[in-house]
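Down below is the structure, laid out as structure tokens.
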Amino acid sequence: DIAALLSSESIFLKGKNFLKQGAYKGAYDQFIEAAELNPEDKSLHIHKLYAEYLLIPKTKEGAPMSIKRAEEIAEEFKSFEDDFENDDSYKVFYGTVMLGLGKERRAKYYFQEALLLNPNNMEAKRQQRHGETPHHHRT
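Here the sequence shown is numbered in the numbering used here, starting from 929 and rising by one per residue.
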């Protein structure tokens, strides 16, 4: 159904704008709605997962308070790796989840991959700089 696909696309774009603005709940709701109209779209699914991850309350160190759900989200991201090997946004999403789970090396790898794919990816640049701050290292 072309109308559903077009509608899904415009809802998806709205969700991406919410994400950019830091309105994660709004983004999540848009991605859910878009995914209902277009359940086959894997890109919608990873955006929805990422928004869900961002909605998990974090400790002041940035670790998710629901480690179990964060780990499930990480597993789901892993299952999409082959589909998104050339997608810088995917790499940033996955890297962010890895960082939250304390897997700094993996996170750094994904941020570097994202920058190789798109040197202008601001989020990857920001995360990479963030990852270089000394207080971020675990002992």
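Beta carbons are placed, not taken as given, at the ideal position from N, Cα and C, and that holds for glycine.
It should be emphasised that the depicted structure is a prediction, and the values quoted were computed from it without experimental measurement.
CB-CB under 8 angstroms to residue i, same chain, minus the five flanking residues each way: which ones, in chain order?
| i | result |
| --- | --- |
| K1019 | F1012, Y1038, F1039, E1041, A1042, L1045, A1052 |
| K986 | P992, M993, G1028 |
So the alpha helix (DSSP H) residue i belongs to, where does it begin and stop?
| i | result |
| --- | --- |
| E961 | 952-965 |
| I974 | 970-983 |
| G943 | 930-949 |
| K1031 | Here K1031 belongs to no alpha helix (DSSP H), and DSSP marks it neither H nor E. |
By Cβ distance below 7 angstroms, which residues in the same chain neighbour residue i in space, the five residues on each side in sequence not counted?
| i | result |
| --- | --- |
| H1065 | With a pLDDT of only 40 at H1065, under the threshold of 50, the placement of this residue in the model should not be trusted; the figure read from the coordinates follows. Here the set comprises nothing. |
| K942 | Q958 |
| D1068 | The requested residue 1068 does not occur in the structure, where the chain is confined to residues 929 to 1067. |
| E961 | I939 |
| N1014 | L1045 |
| I907 | With the chain running from 929 to 1067 in the structure shown, residue 907 is simply not present. |
Report all residues from its chain with a CB closer than 6 angstroms to the CB of residue i; omit the five preceding and five following residues, and keep chain order.
| i | result |
| --- | --- |
| A932 | L965 |
| A1035 | G1023, M1026, L1027 |
| A955 | G943, F946, L947, A979 |
Does the Cβ of residue i have 16 or more other Cβ atoms within 10 Å, making it buried, or fewer, making it exposed?
| i | result |
| --- | --- |
| S994 | exposed |
| Q1055 | buried |
| G1023 | buried |
| I1001 | buried |
| H1063 | Summary for H1063: the model assigns pLDDT 42, below 50, so the residue's position carries little reliability, and this model does not support an answer. |
Say whether the stretch 971-990 touches the stretch 931-948, bearing in mind that this needs 3 or more beta-carbon pairs closer than 8 angstroms, one atom from each stretch. yes
Within 8 angstroms, do at least three Cβ pairs link the stretch 959-976 to the stretch 932-943? yes
Under 8 angstroms, with one C-beta from each stretch per pair, do the stretch 984-995 and the stretch 1024-1038 reach the 3-pair mark? yes
Pick out the complete alpha helix (DSSP H) segments inside the stretch 980-1025, 4 residues or longer, and give them in chain order. 995-1007
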